[in-house]
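Residue numbers (the numbering used here), protein chains in the order written: chain R, 23 to 167; chain Z, 23 to 167.
The beta carbon of each residue, even a glycine, is placed where N, CA and C say it ideally should be.
Bear in mind that the values here come from a model prediction, so they are computed numbers and not experimental data.
This report concerns only the one structure given below.
Protein chains: 2
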Amino acid sequence: MKKEKSEFKEIFIKYIEDKGMRHTKQRELIVDSFFSAGRHITSEELFNIVKKKNPEIGYATVQRNLNLLCESGLAEEIKIGKQKTRYEQKYGSKHHDHLICVKCGRLIEVNDEKIEKLQDKLARANNFIPIKHKLEIYGICGNCK
Amino acid sequence: MKKEKSEFKEIFIKYIEDKGMRHTKQRELIVDSFFSAGRHITSEELFNIVKKKNPEIGYATVQRNLNLLCESGLAEEIKIGKQKTRYEQKYGSKHHDHLICVKCGRLIEVNDEKIEKLQDKLARANNFIPIKHKLEIYGICGNCK
DNA sequence: ATATTATTGATAATAAAAATCAATATCATT
DNA sequence: AATGATATTGATTTTTATTATCAATAATAT
């Protein structure tokens with residue numbers, strides 16, 4: 023019974039190797055934990071998860087590897103208001119926007135193809151080549167109404 | 023010849039008074055400078071402008087009053103990437119979104135009524151009451167192409 | 001096995017914004 | 001106009017999140 027390697031891991035390993043970097047136990051643990059954790063995690067939360075599995079691991083290493091995940095395109099920073107930066111998984115999920123509850127802070131992922139198209143049109147109408155975008159809608163979620 | 027008071031000033035004064043706060047020379051200078059400055063200014067930039075007119079003024083006072091402007095709804099923080107927070111004038115301009123050039127950092131203000139409507143619809147379809155939103159489109163501006 | 005060098009973990013440095021606090025300025029009341 | 005209560009200021013310190021530093025260690029090629 024062969025143990026399948028998740029695709030995000032292959033992508034990450036390729037990224038690491040292409041840059042002449044090395045594969046380490048810490049790296050593997052951090053990346054695995056990141057992808058099996060919630061979709062919007064802080065470095066501190068990830069550190070706490072990782073520490074349980076390997077108490078030797080340092081905060082700096084978690085931060086560094088989260089940064090690496092961002093550079094590789096597998097993760098992305100989300101900064102909302104004064105909150106700590108959260109890291110979002112970018113693998114295995116297509117682009118989406120966020121509804122952000124101003125009461126409980128919940129993040130809801132949404133997508134609307136029509137909006138995407140109009141955004142592209144809007145950019146081009148301004149002689150602007152769009153690369154990516156971020157849409158955040160703040161309001162009150164169903165739970166908090 | 024009566025000197026007209028700008029409306030943003032009236033709004034600000036009302037906000038200050040309603041909270042039992044006081045009117046000061048520093049406050050007035052900072053608020054005036056903010057509204058006659060560029061539309062997307064950092065606290066440091068504003069401090070430098072203000073310092074020329076009154077060298078006694080401290081950085082902390084500028085920061086504090088920018089925060090007050092935000093609380094009053096007359097200004098809003100814009101945080102882009104690792105850049106310093108910029109403060110945008112919210113008075114006398116209707117809601118708009120931003121095209122952000124990833125090369126030169128230029129901010130272009132845009133608006134699309136159709137997108138606005140679809141955003142509202144999208145939120146409500148998710149049992150979510152929208153209050154405000156932020157749309158940032160990153161790409162390459164006309165100058166940088 | 002060995003040499004090279006990337007990574008780690010602990011800690012220090014950095015940077016932006018917020019908090020602190022004594023001195024001062026504002027403003028309602030007299 | 002003088003007084004008193006207290007909000008504001010300016011200088012400084014603290015806080016908080018992230019990045020940089022560096023000696024020790026570990027990963028990889030030879």
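Beta carbon proximity, residue i to chain Z, threshold 7 angstroms
| i | result |
| --- | --- |
| H62(R) | no |
| A145(R) | yes |
| Q141(R) | yes |
| L121(R) | yes |
| Y180(R) | Since the first residue shown for chain R is 23 and the last is 167, residue 180(R) is missing from the structure and cannot be characterised. |
| V72(R) | no |
| N89(R) | no |
| G161(R) | yes |
| P77(R) | no |
| G95(R) | no |
| K136(R) | yes |
| I151(R) | yes |
Closest Cα partner of residue i within the set the options
| i | options | result |
| --- | --- | --- |
| E112(Z) | C123(Z), I100(Z), L121(Z), R44(Z) | The sequence shown places Lys at residue 112(Z), rather than the Glu named in the question. That would be I100(Z), whose Cα lies nearest to the Cα of K112(Z). |
| R108(R) | K75(R), F56(R), N76(R) | F56(R) |
| I159(Z) | N133(Z), N87(Z), K104(Z), E98(Z) | N133(Z) |
| L51(R) | N148(R), K73(R), Q105(R), G164(R) | K73(R) |
| I151(R) | N87(Z), I130(Z), N148(Z), K75(Z) | I130(Z) |
| R61(Z) | S115(Z), I35(Z), I79(Z) | S115(Z) |
| I63(R) | A97(R), L144(R), E135(R) | A97(R) |
| H118(R) | T46(R), D54(R), K156(R), P77(R) | K156(R) |
| R49(R) | E67(R), E29(R), N89(R) | N89(R) |
| C126(Z) | N70(Z), L68(Z), Q105(Z) | Q105(Z) |
| E78(R) | K139(R), K47(R), I38(R) | K47(R) |
| Y37(R) | L121(R), N87(R), E135(R) | N87(R) |
Residue i classed as buried or exposed, judged by whether at least 16 other C-beta atoms fall within 10 angstroms
| i | result |
| --- | --- |
| R146(Z) | exposed |
| G42(R) | exposed |
| S94(R) | buried |
| D40(Z) | exposed |
| A82(Z) | exposed |
| C163(Z) | buried |
| S58(R) | exposed |
| E29(R) | exposed |
| Q141(Z) | buried |
| E110(R) | buried |
| G80(R) | exposed |
| H45(Z) | exposed |
| N149(R) | exposed |
| N76(Z) | exposed |
Range of the contiguous beta strand (DSSP E) that encloses residue i
| i | result |
| --- | --- |
| C126(R) | Where C126(R) is concerned, there is no enclosing beta strand (DSSP E), given that its DSSP letter is neither H nor E. |
| Y160(Z) | 151-162 |
| E110(Z) | 108-111 |
| T64(R) | 62-64 |
Min CB distance residue i to chain R below 7 angstroms
| i | result |
| --- | --- |
| V53(Z) | no |
| L66(Z) | Correcting the residue type first, residue 66(Z) is Glu in the shown sequence and not Leu. False, the Cβ-Cβ gap to chain R never drops below 7 angstroms. |
| I33(Z) | no |
| H155(Z) | yes |
| E158(Z) | yes |
| K125(Z) | no |
| V132(Z) | yes |
| Y37(Z) | no |
| G164(Z) | yes |
Continuous alpha helix (DSSP H) stretch holding residue i: start and end
| i | result |
| --- | --- |
| I100(R) | I100(R) -> not in any alpha helix (DSSP H); beta strand (DSSP E) instead, spanning 97-100. |
| I79(Z) | Run containing I79(Z): none; DSSP gives neither H nor E here. |
| K139(R) | 135-147 |
| K47(Z) | 47-58 |
Inter-residue CB distance, residue i and residue j (contact presumed, cutoff 8 angstroms)
| i | j | result |
| --- | --- | --- |
| C166(R) | C123(R) | 6 angstroms |
| G103(R) | I153(Z) | The Cβ separation is near 13 angstroms, so there is no contact. |
| N144(R) | I137(Z) | A small correction: the amino acid at residue 144(R) is Leu; Asn does not occupy that position in the sequence shown. Indeed they touch by this definition, with Cβ atoms about 7 angstroms apart. |
| V84(R) | S65(R) | 6 angstroms |
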